[in-house]
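In what follows, a single structure is set out as structure tokens and then discussed.
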Amino acid sequence: MPDRLLRRWLAFGAVAVVLAAWVFGSLADDLAAPDESGATDPAVTGWLIAHRTGWLTGSLQVLTWLGSGWVTIPLLLAAAVAIPLWRSRRWTALLAIVVTVGAAALVSAAKLTLARSRPEVSAALTAAGGYAFPSGHTAQAAAAYGLLALLVSLRVRGRARIAVWCGAGLAVLLVAFSRVYLGVHWLTDVIGGAALGAAWLVAVIATACLLSRRYVWRTPASDAGPQDPESSDPRLKA
């Protein structure tokens, strides 16, 4: 990766991490010292429960699995083999594991620290245990599909790249909506989960770029194969 492009990625990453951390921190502070804004969560959940429909319930009970580690981890490992970010598939697979497992660890730590209760069990339409904030499924979706979109977007251009990122965003939104609709999370849980997952993903990617001495990224241009050293080194042309 050229130094200029690397600096842009790192600058974007720094801004994204700060914004996501600010969102997550603000929500965590609100939970620690609840005020009148805490009435929003029950109102949203109550409205969704009152407007449930059979076809939507069945669909979201399936789509909510998009945020499960049983789906995201195998999917990312398969993508790491098919679309390596660097020239080594092992390092790309390791990156995928760090992103998903690290996100799960951060979620667990935050849940134990804040100890927020979930909505009433009678409202739940799917199994869920432990504390509520942040949503683990949403955090996993944000981290996993963000990384997947990055891998794929480096192999496509133009509108296809936009479509890839829109698809990843849609997957995260579907998972987040499903968790609230199915009655296992509050609205602020999924917002916090998305912020945490996104911040972790960007932080991991930025760190990986800094630790990689080559800064070699797999792009369509790199698939042409290795170049002849004599044709690429100007000192050998003389």
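Counting from 1, position 146 in the sequence shown corresponds to residue 482 in my numbering; the numbering is continuous, with no gaps.
Idealized CB from N, CA, C, for every residue including glycine.
This one's a predicted model, so the numbers in the text were calculated from it and none came from an experiment.
Scanning the region 499-552 for uninterrupted alpha helix (DSSP H) segments of 4 residues or longer gives 523-547, listed from N- to C-terminal end.
When the five nearest sequence neighbours on each side are left out, the beta carbons in the same chain lying within less than 7 angstroms of the beta carbon of residue 497 are those of 489, in order along the chain.
In its chain, beyond the 5 residues on either side, 481, 482, 484, 485 have a beta carbon closer than 8 angstroms to the beta carbon of residue 504. Pairing residue 501 with residue 426, the inter-Cα distance amounts to about 24 angstroms. Sixteen is the threshold: when 16 or more other Cβ atoms of the shown chains lie within 10 Å of the Cβ of residue 514, as they do, the residue is buried. The DSSP-derived three-state label of residue 473 is helix.
With respect to the 8 angstroms criterion, residue 460 and residue 528 are not classified as neighbours on the basis of their beta carbons.
Restricting attention to beta strand (DSSP E) runs no shorter than 3 residues, the region 420-475 encloses none. Residue 495 sits in a helix when the DSSP states are folded into three classes. Counting C-beta pairs with one atom in each stretch, the region 433-451 and the region 393-402 have fewer than three that are closer than 8 angstroms, which means they do not touch. Going by C-alpha positions, residue 468 is about 33 angstroms away from residue 545. Non-local C-beta neighbours of residue 472 in its own chain, meaning closer than 7 angstroms and more than five positions away in sequence, comprise 440, 443, 529, ordered along the chain.
For residue 376, the three-state secondary structure derived from DSSP is helix. By alpha-carbon distance to residue 385, the top candidate from 499, 456, 356, 362 is 456.
Boundaries of the alpha helix (DSSP H) around residue 395: 390-399. Counting along the chain, the unbroken alpha helix (DSSP H) around residue 405 starts and ends at 405-418. Assignment of residue 384 by DSSP, reduced to helix, strand and coil, places it in the helix class.
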